[in-house]
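J.: Going by this note's numbering, the sequence shown runs without a break in its numbering and finishes at 137.
Yeah, the Cβ is synthetic: ideal placement off N, Cα and C, and Gly gets one too.
Please read all numbers here as calculations on a predicted model, not as lab measurements.
Once you've had a glance at the structure underneath, I'll fire off some questions.
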Amino acid sequence: MQRKLLIIAAAFPAALFAAAALAGPYDQVYSIIATEYKAAADPLERKVIVNRVDGENSRNNEAVVAPGLRKVTVDLPPRQGFSQATQHTFDLDAKPCTRYFVVAKLESQVTQGWKPVVKYDEEIKECSAKFLKGAKS
């Protein structure tokens with residue numbers, strides 16, 4: 001009997017960890033870092049590829065992350081006159097239930113220099129309704 005209790009007591013924490021591991025990114029407060037899909041009116045703005053966040057590869061040009069300070073790596077594909085893509089990593093303080101749209105801001109159209117910029121952000125209403133109980137308006 002004691003042996004059964006010991007086995008159950010040892011298995012219980014493992015089951016809790018397994019349940020936590022099965023929880024998806026949308027089962028807790030989250031933020032999304034994505035590329036801007038709209039065509040830019042500014043000739044110095046370019047679409048980027050969201051490559052990695054905190055060393056984890058992104059999927060479909062966006063990353064679902066927990067809120068907090070994140071290291072975001074974005075790529076600018078080669079453009080006319082240049083043969084190599086370039087990459088930058090920057091810090092982003094992700095707020096809860098917020099989607100960030102990232103673009104490249106070129107220094108000039110004739111050089112490779114650029115910096116990643118958050119063009120705008122928006123509230124993720126489903127996340128706010130589920131986790132923040134309408135705290136944002």
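Using a Cβ-Cβ cut-off of 6 Å (strictly less than) and excluding sequence neighbours within five positions of Val64, which residues of its own chain qualify?
T.: Translated into positions along the sequence shown, residue 64 becomes position 64. Excluding sequence neighbours, Val64 sits near Pro25, Tyr30 and Ile32.
J.: According to the neighbour-count rule (16 or more other Cβ atoms, all chains shown, within 10 Å of its Cβ), is Ala66 buried or exposed?
T.: The residue given as residue 66 occupies position 66 in the sequence shown. Exposed, since its Cβ has fewer than 16 Cβ neighbours within 10 Å.
J.: Leaving out five residues before and five after Asn61 in sequence, what residues of the same chain have Cβ atoms less than 8 Å from its Cβ?
T.: Position 61 of the sequence shown, counted from the start, is the residue given in the question as residue 61. Contacts found: Ala34, Thr35, Ile49 and Val50.
J.: Thinking Thr152 and Ile124 are a contact (beta carbons under 8 Å), I'd like their distance in whole angstroms, please.
T.: Residue 152 lies beyond the residue range present for the chain, which begins at 1 and ends at 137; the question has no answer from this structure.
J.: Could you check the C-alpha separation between Asp93 and Ser128 for me, to the nearest Å?
T.: Locating residue 93 in the sequence shown gives position 93, counting from the first residue. Locating residue 128 in the sequence shown gives position 128, counting from the first residue. Spanning the two alpha carbons is a distance of roughly 18 Å.
J.: Which value, in whole angstroms, describes the spacing of the CA atoms of Val103 and Ala41?
T.: Here the question's residue 103 lines up with position 103 in the sequence shown. Here the question's residue 41 lines up with position 41 in the sequence shown. Roughly 12 Å separates the two Cα atoms.
J.: Spell out the partners DSSP gives Phe101 in its beta bridges.
T.: Your numbering for residue 101 matches position 101 in the sequence shown. In the DSSP output, where bridge partners are listed per residue, Phe101 has Ala34 and Tyr120.
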